[in-house]
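Have a look at the structure below before the remarks.
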Amino acid sequence: MSYELRDGPPSVDDFVRLREVAGMAPRPREGVERGLGNSVYAVHAVETAGSGSNSAVDGTAGAGPDGTVGMARIVGDGGSVYHVCDMAVHPDHQGRGIGSEMMEAVMAFVDADAPSGAYVNLMADVDGFYERFGFAETRPASKGMYYRVE
Numbered sequence: 001m002s003y004e005l006r007d008g009p010p011s012v013d014d015f016v017r018l019r020e021v022a023g024m025a026p027r028p029r030e031g032v033e034r035g036l037g038n039s040v041y042a043v044h045a046v047e048t049a050g051s052g053s054n055s056a057v058d059g060t061a062g063a064g065p066d067g068t069v070g071m072a073r074i075v076g077d078g079g080s081v082y083h084v085c086d087m088a089v090h091p092d093h094q095g096r097g098i099g100s101e102m103m104e105a106v107m108a109f110v111d112a113d114a115p116s117g118a119y120v121n122l123m124a125d126v127d128g129f130y131e132r133f134g135f136a137e138t139r140p141a142s143k144g145m146y147y148r149v150e
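Using full-length UniProt numbering, you'd call the opening residue of the sequence shown number 1 and step up by one each time.
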């Protein structure tokens, strides 16, 4: 199989689907519809038609209708705070370097866009992955926290 990275977020349907199949907490469709366009940066991975499979056409092997199998994005103010989030690769396509390629694209954007001293953060759920890109745990100096609107 071969893949292509495309700048910009995936469709709303693919975003919702990828979070679900990757075991991530669901996001309300209304929030996704409002939020995706506000990304500071986004990239998604698409299985290309020349990959020897019909997944880009018929949705098999975990690809969305347009072949989307992965996504990553940055939210924030575009100057002092950048939050890497919504990094997901469909389980049928994991272990092929897609996540690493998307993270390299995210970090290339940060390197080109973020001014010196900008704070880049994320919530890591995969041990050892983000450390390869220079991220370090904040504990004990600080701890990650969240609040979910009910």
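Beta carbons: idealized from backbone N, C-alpha and C, even for Gly.
Please report the Cβ distance between residue i and residue j, rounded to the nearest whole angstrom; I am assuming they are in contact, meaning their Cβ atoms lie under 8 Å.
| i | j | result |
| --- | --- | --- |
| His83 | Val89 | That pair is no contact at about 19 Å. |
| Val16 | Arg34 | Wrong, their Cβ atoms sit about 13 Å apart, outside the cutoff. |
| Gly70 | Ala45 | 4 Å |
| Asp86 | Ala63 | Rounded, the Cβ-Cβ distance is 18 Å, inconsistent with contact. |
Which residues bound the alpha helix (DSSP H) around residue i?
| i | result |
| --- | --- |
| Leu18 | Val12 to Val21 |
| Ala112 | Ile98 to Asp113 |
Roughly how many angstroms separate the alpha carbons of residue i and residue j, rounded to a whole number?
| i | j | result |
| --- | --- | --- |
| Val81 | Pro10 | 23 Å |
| Asp111 | Phe129 | 19 Å |
| Ser2 | Ile98 | 10 Å |
| Arg6 | Leu18 | 16 Å |
| residue 207 | Ser142 | Absent from the model: residue 207. The displayed extent of the chain is 1 to 150, so no value can be given. |
| Ala22 | Met123 | 15 Å |
| Gly67 | Val106 | 20 Å |
| Thr48 | Arg96 | 14 Å |
| Asp77 | Arg148 | 21 Å |
| Val120 | Glu131 | 13 Å |
| Ser100 | Val126 | 12 Å |
Determine the DSSP secondary structure at residue i, reduced to helix, strand or coil.
| i | result |
| --- | --- |
| His93 | helix |
| Glu30 | helix |
| residue 158 | Here the chain comprises residues numbered 1 to 150, so residue 158 is not present and cannot be evaluated. |
| Tyr130 | helix |
| Gly144 | coil |
| Gly70 | strand |
| Gly76 | strand |
Starting from residue i, trace the beta strand (DSSP E) both ways and give me its first and last residue.
| i | result |
| --- | --- |
| residue 153 | Residue 153 falls outside the range modelled here, since the chain spans only 1 to 150, and no answer is possible. |
| Tyr41 | Tyr41 to Glu47 |
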